[in-house]
Amino acid sequence: MAGGAKRAARSSPGSGDIPVDFSKKRDALVRGFLKRGVEFTEELLKENEELRRDVARLSVDGARLRAQVASDDAIRELLRTIEALEHEKKSLLERSNELESLSRNYEGRSGEMEREISDLATLHVAGTQLHTSFRPRRVVRQLAELMGQLVGAEAFVMYLIEPDGKNARAFYTEGLSAGTEPEPVAIADGVIGETCATGLLHMRRDGKLERGSFADPLAVVPLTVEGRPVGAIAVLAMLAHKAEWASVDEELFQLVGRSAGSALLSASLYASMESPLEALQGLRNGGSTDG
Amino acid sequence: MAELACLVVEDSPMMRQLIVFALARIKGIQVTEAEDGVDGLKKLAQKRFDIVLTDINMPMMDGLKLVKRIRGDAVHKDIPIIVITTEGAAEDRQRAMALGANAYITKPIQAPQVIAKVKELLKLT
Chain D
16 MAGGAKRAAR SSPGSGDIPV DFSKKRDALV RGFLKRGVEF TEELLKENEE
66 LRRDVARLSV DGARLRAQVA SDDAIRELLR TIEALEHEKK SLLERSNELE
116 SLSRNYEGRS GEMEREISDL ATLHVAGTQL HTSFRPRRVV RQLAELMGQL
166 VGAEAFVMYL IEPDGKNARA FYTEGLSAGT EPEPVAIADG VIGETCATGL
216 LHMRRDGKLE RGSFADPLAV VPLTVEGRPV GAIAVLAMLA HKAEWASVDE
266 ELFQLVGRSA GSALLSASLY ASMESPLEAL QGLRNGGSTD G
Chain X
14 MAELACLVVE DSPMMRQLIV FALARIKGIQ VTEAEDGVDG LKKLAQKRFD
64 IVLTDINMPM MDGLKLVKRI RGDAVHKDIP IIVITTEGAA EDRQRAMALG
114 ANAYITKPIQ APQVIAKVKE LLKLT
């Protein structure tokens, strides 16, 4: 009875003919198989998890790369735009330089024209003012004012040629140092005498207009009547700030030469007459024809 | 543009004419001339001016007195004043500026110089 129970314990239920060892082996095999299955499944799950992470990472990388590519495109587009803008900027700068140059030219010409207009106005004013009066003193004053205010002469002497034509004598001075009396000038002698003889304008042109002298005046302006010299104005000094001749000065001197002589003569003749009607007597006596 | 009134006070007809010629280059400016300071004050009493140009050395009333009178007058005290002087008269120029002149021009005057100074004070472009 006890031996039968032992045999029954060694066999599995319902398989009374399978050896116990085999059954154990089988069970162990099954357990091992199941264990490996679990391990394998766990590995698979782990691997799957890793793959998921990889996929997620790759997805992020992909998105980043896609963004990078898009960004590169945008940069390339921006670079193209910048290049186009640089080109446009260069064109605009060139155009701006052209316009600036034109503007400078225009300003230069405009300034030149303004100066010419100013010079013409000065000449016009000088010409008209010399003939606004028939009183000799007034004419002389106008002439002195013209020399001082328009030319900028500080010291000058006005001469008239004596009737015998040998000498010129001073009749007006301005700006001479105290005690300086101008001597009569012999015609054709020295710069002043030469101008009285030739009727040609003399202007010193050797640089700065430093104070001159009777022997070396800065300018000698002939006073003429119908081209014939009747006197001269010798300029000995200019105002301190007038370092050089102005563009209008030579024309102003020429105008003075032509107009002042006749203005002085008219005033002198008028002063010697008793009335304007008497002064016009020359016209009544056939003075309407030349000569 | 509204017309701008300018008073030129100068005893020399030659200089006056030259200044008027220069000012005529400025569009919309109307010039009134006065022979000396007294005449200038009379003109100021008759009309409102936008700017005054005055010589310094004049008979009756000189430019310095005129500047002083204008600056002391409630109606005209703010009018811009340009004095016209000779280069050598630095003292007169300084006195004029101290009395309230806004600018000065030296003789012999040049039209572009007058135009520029007047435009500057009247803020004309």
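Respectively, the protein sequence lines represent chains D and X.
Just so you know, we're using our numbering here: the first sequence kicks off at 16 and counts up by one.
Just so you know, we're using our numbering here: the second sequence kicks off at 14 and counts up by one.
Beta carbons: idealized from backbone N, C-alpha and C, even for Gly.
The structure presented is a predicted model; accordingly, all values stated were derived computationally and were not measured.
{"Check": "Beta-carbon of S133 of chain D versus every beta-carbon of chain X: anything under 8 angstroms?", "Outcome": "yes"}
{"Check": "Could you name each continuous alpha helix (DSSP H) segment of 4 residues or more that falls completely within the region 31 to 96 of chain X, going from the start of the chain to the end?", "Outcome": "50 to 59, 76 to 84"}
{"Check": "Please list the terminal residues of the continuous alpha helix (DSSP H) segment that includes S162 of chain D.", "Outcome": "The displayed chain sequence assigns Met, not Ser, to residue 162 of chain D. Per DSSP, M162 of chain D belongs to no alpha helix (DSSP H) and is neither H nor E."}
{"Check": "Suppose you measure from the CA of M173 of chain D to the CA of E109 of chain D; what does that come to, to the nearest Å?", "Outcome": "59 angstroms"}
{"Check": "Hey, is the region 218 to 226 of chain D in contact with the region 260 to 275 of chain D, meaning 3+ C-beta pairs nearer than 8 angstroms?", "Outcome": "yes"}
{"Check": "In the structure shown, what three-state DSSP assignment does N115 of chain X receive?", "Outcome": "coil"}
{"Check": "Does L165 of chain D get closer than 8 angstroms to chain X when you measure Cβ to Cβ?", "Outcome": "yes"}
{"Check": "Tell me which residue opens and which closes the alpha helix (DSSP H) that I207 of chain D is part of.", "Outcome": "205 to 213"}
{"Check": "How far does the beta strand (DSSP E) with T329 of chain D in it extend, from its first residue to its last?", "Outcome": "Nothing about residue 329 of chain D can be read from this structure; chain D reaches only from 16 to 306."}
{"Check": "Within this structure, are the beta carbons of V245 of chain D and L158 of chain D separated by less than 8 angstroms?", "Outcome": "no"}
{"Check": "May I ask which residues mark the beginning and end of the alpha helix (DSSP H) holding V70 of chain D?", "Outcome": "35 to 145"}
{"Check": "State the DSSP-derived secondary structure class of I122 of chain X, mapped to helix, strand or coil.", "Outcome": "coil"}
{"Check": "Among the candidates X:I95, X:F34, X:G76, X:L66, whose CA atom is the shortest distance from the CA of V51 of chain X?", "Outcome": "X:G76"}
{"Check": "Taking the alpha-carbon positions, what's the L298 of chain D to H139 of chain D distance?", "Outcome": "27 angstroms"}
{"Check": "Taking 8 angstroms as the threshold (beta carbon to beta carbon), is A102 of chain X in contact with chain D?", "Outcome": "no"}
{"Check": "Using DSSP bridges, identify the partner residues of M173 of chain D.", "Outcome": "D:Y187, D:I248"}
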